[in-house]
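Undergrad: Residue numbers (the numbering used here), protein chains in the order written: chain A, 1 to 206; chain B, 1001 to 1206. Heads up, the beta-carbon is just placed ideally off N, CA and C, and yes, glycines get one too. My structure is below; once you've seen it, I'll send some questions.
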DNA sequence: GATATCTTGTCACTAAGTGACCCGATCATG
DNA sequence: CATGATCGGGTCACTTAGTGACAAGATATC
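Shown next, in the form of structure tokens:
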């Protein structure tokens, strides 16, 4: 099965699962229900996900893939601040994917549902690994380097906190405006990463 | 049930569970086996733990409680570096608890067992919350402050990476000596936290 | 010593997740 | 076009993690 198709199918399942989790709670949602909602047999669900909670993972991941891919395309001669600002504003004209709202809802649910919280943490564990190669690459350090791993962990952690914060704010609907200004968001993310890495990750490389 | 007794019981269960996980793998260890090993009924196990994997949590936690409690007792007028160095050397004369080795083994297992990795991440999620109040308190910031949460997240993340690194090194037995020098360990931890918080957390407060 | 509370054991039960086998589609090869 | 190999998915039986309900023993309080 092509990686593409598999990923799309997982995302499709994830959307339905996340919707059900949000509407009726995690405990009240069975694997059978998820399967019925997406039109597959229950057995097939377990072929693609380890547990019913982990069905939420692709949707959660979807909330940060753009940021991660932006990090990956970060050119060496630019500062992270500039890069994120230009790219985020460029992208922001496109319609924001519906999944993002779902992802925020899952993060919200993760506050009270331990099983979902583990999924959320595992997703950011994945982000941390990606950060590891991105940062290691940028700093010209060997792959398993301890310093690089700490930078990546700290960076992923602050992004996670920021993500949760923004998600909570958007969901409550209180302060929606400050997060529609993409350059401001870019600056906050870039600043957080730079701070969390002691200033090592964020600037341009001569 | 007193908090003390409950914690001790959980730890006792956790020790047996961790031992079994290490000896025969997580999948091959059943709740019944854990119960039998500790001399309780299976039902009682589920009264104290949500899942069999989470039985490993207290042992994992035990690996960082000393550091967390040291952070909590960190006086404002001292630098983290000094405080950790003096306290760690003072403590290092006491026999190192046997649980630490078990904790390292669990972290090792977490590399290949996703279910255990979630437990490990959840344990550090707890550490992050503790860090949150410690750091928020030290910086005289309100409880839910975003900056404080990011500092706490970054600090917990680097400690986690350091812990995994040290654990792996000790388990392979390759370089045991560099981690018996407690002042060196203290310096590394303190330096990592200071870096991850952009230099904000680590120094003495006038 | 009587009683209320609290923890555990027993047992029946639900549901998450797996293994084994089959079926239809797709695709390569003759 | 025929054929067979591979692959994704369905069906069904089965294991086991985890829960609810109730009984029983321990413990504390008066």
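(1) List the residues of chain A whose Cβ lies closer than 8 angstroms to the Cβ of residue 1190 of chain B, in chain order.
(2) Using a Cβ cut-off of 7 angstroms, which residues of the segment 132 to 154 of chain A contact any Cβ in chain B, in chain order?
(3) List, in order along the chain, the chain A residues whose C-beta lies closer than 9 angstroms to that of residue 1122 of chain B?
(4) Listing by chain order, which chain A residues have their CB less than 7 angstroms from the CB of residue 1195 of chain B?
(5) Looking at the structure shown, is residue 152 of chain A part of a helix, part of a strand, or coil, going by DSSP?
(6) For residue 208 of chain A versus residue 170 of chain A, is the C-beta spacing smaller than 9 angstroms?
(7) Can you tell me whether residue 1 of chain A is buried or exposed? The criterion is at least 16 other CB atoms within 10 Å of its CB, across all chains shown.
(8) Given a threshold of 16 other Cβ atoms within 10 Å of its Cβ, counted over all protein chains shown, does residue 97 of chain A qualify as buried or as exposed?
(9) What are the residues in the segment 1046 to 1058 of chain B lying within 8 angstroms of chain A by C-beta distance?
(10) Counting Cβ pairs closer than 8 angstroms, one from the segment 1020 to 1034 of chain B and one from the segment 188 to 205 of chain A, do we hit at least three?
(11) Identify the continuous alpha helix (DSSP H) that holds residue 1040 of chain B and give its terminal residues.
(12) Quick one, which residues of the segment 156 to 173 of chain A are near chain B if we go by CB-CB under 8 angstroms, in chain order?
(13) Counting only beta-carbon atoms, is residue 125 of chain A nearer than 9 angstroms to chain B?
(14) Would you give the residue range spanned by the alpha helix (DSSP H) that residue 109 of chain A belongs to?
(15) Taking just the CA atoms, how far does residue 1153 of chain B sit from residue 1161 of chain B?
(16) Please determine, among A:203, A:132, A:54 and A:147, the residue with the shortest C-alpha to C-alpha distance to residue 110 of chain A.
(17) By Cβ distance below 6 angstroms, which residues in the same chain neighbour residue 204 of chain A in space, the five residues on each side in sequence not counted?
(18) Less than 9 angstroms between CB atoms is the rule here; does residue 130 of chain A satisfy it with respect to chain B?
TA: If we stick to the structure as given:
(1) In chain order: nothing, as chain A lies at least about 13 angstroms away.
(2) 146, 149, 150, 153 and 154
(3) 114, 117, 118 and 121
(4) 198
(5) helix
(6) Absent from the model: residue 208 of chain A. The displayed extent of chain A is 1 to 206, so no value can be given.
(7) Looking at its Cβ environment, which holds fewer than 16 other Cβ atoms inside 10 Å, residue 1 of chain A is exposed.
(8) exposed
(9) 1050
(10) Touching, no, given that fewer than three Cβ pairs across the two stretches are closer than 8 angstroms.
(11) Unbroken run through residue 1040 of chain B: none, as it is neither H nor E.
(12) 156, 157, 158, 160, 161, 162 and 165
(13) Chain B, which has a Cβ nearer than 9 angstroms to the Cβ of residue 125 of chain A, makes this yes.
(14) 99 to 110
(15) For residue 1161 of chain B and residue 1153 of chain B, the distance between alpha carbons rounds to 12 angstroms.
(16) A:54
(17) 77, 78 and 79
(18) no
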